[in-house]
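Trainee: In this note's numbering, the protein residues as written are -8 to 247.
What follows is the structure, given as structure tokens:
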């Protein structure tokens, strides 16, 4: 006999900090019978869940997938029948590169109801945590959010289209392709266009590296390619409090 009626909630955990999950998301999380969580969900948030509630890691990292998407789909259904209320906890927002649609389609094919609780996307909140607006009047009236690679792992052509515009570029899951990204954007934009790379966004150990398309090689060594991050490219990056100071230091060190 089932403990309760099977149902699934897809909950956005926000960009990282435990207090950036929405109130609704936190409320639903407290009602879970079992939680399946991603790699980007903070340990602090997991610690807010009753210790008796099973917590199952189903995270995926570039080149280090512990589960295929098909595996995850099956686990959601299996645990819904075994426990009742499954909370599928995803970093950021479930519908921003979170494969939520695939999971919903699979779960609903079993007649199991699914609800979605939106989350705070890292695409906007992480730049904001460093004082970088994705739009600003007179500088950028729009922004593109994209991933660096397509489903088959090849380089996304959307980047070229975005680079031809004046929009701010926000690239998720692109740290390992940073050099290729910069080189592609540099074909379309001024070499002095600034960029920022933010890792561990909204957490105490958050880091931010800034530079320009011209000097990206001098900062490349400081990027931890083992960690995910958000890449922002566009004139709005100059709003970062230390951008000009860091650029001046690089110029002085280069002897120019």
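Every residue gets a Cβ at the ideal spot worked out from N, C-alpha and C, and that includes glycine.
What number of angstroms, rounded off, separates the C-alpha of residue 232 from the C-alpha of residue 218?
Mentor: Answer to the nearest angstrom: the Cα atoms are 24 Å apart.
Trainee: In the DSSP output, what is residue 187 paired with across the bridge?
Mentor: Residue 187 is bridged to 201 and 223.
Trainee: For residue 145, tell me which candidate among 126, 172 and -2 has the shortest Cα-Cα distance.
Mentor: For the residues 126, 172 and -2, the minimum Cα distance to residue 145 belongs to 172.
Trainee: Measure from the alpha carbon of residue 224 to the alpha carbon of each residue in 215, 194 and 137, then state which is nearest.
Mentor: Considering only alpha carbons, the answer is 137.
Trainee: Put residue 66 into one of helix, strand or coil per three-state DSSP.
Mentor: Helix at residue 66.
Trainee: Measure the alpha-carbon distance for residue -8 versus residue 50 and round it to whole angstroms.
Mentor: At residue -8 the pLDDT is 41, less than 50, meaning the model places this residue with poor confidence; the figure from the coordinates comes in the next sentence. Approximately 30 Å between the Cα atoms of the pair.
Trainee: Could you name the residues that DSSP lists as bridge partners for residue 160?
Mentor: Residue 160 is bridged to 135 and 224.
Trainee: Do residue 31 and residue 78 have their C-beta atoms closer together than 7 Å?
Mentor: Going by C-beta atoms, residue 31 is not nearer than 7 Å to residue 78.
Trainee: Quick one: using the 10 Å Cβ neighbour count with 16 as the cut-off for buried, is residue 48 buried or exposed?
Mentor: Its Cβ having fewer than 16 others within 10 Å, residue 48 is exposed.
Trainee: Does the distance from the C-beta atom of residue 228 to that of residue 187 stay below 7 Å?
Mentor: Going by C-beta atoms, residue 228 is nearer than 7 Å to residue 187.
Trainee: For residue 165, tell me which candidate among 28, 220, 234 and 87 has the shortest Cα-Cα distance.
Mentor: For residue 165, the nearest C-alpha among the options comes from 220.
Trainee: For residue 272 versus residue 2, is the C-beta spacing smaller than 7 Å?
Mentor: No answer is possible for residue 272: the residues shown for the chain start at -8 and end at 247.
Trainee: Among 62, 123, 180 and 41, whose alpha-carbon lies nearest the alpha-carbon of residue 22?
Mentor: The shortest C-alpha separation from residue 22 is found at 41.
Trainee: Could you compute how far the alpha carbon of residue 24 sits from the alpha carbon of residue 159?
Mentor: Looking at the two C-alpha atoms, the distance is approximately 41 Å.
Trainee: Count the C-beta pairs between the segment 5 to 21 and the segment 107 to 117 that are closer than 8 Å, then say yes if the count reaches three, no if not.
Mentor: Touching, yes, given that three or more Cβ pairs across the two stretches are closer than 8 Å.
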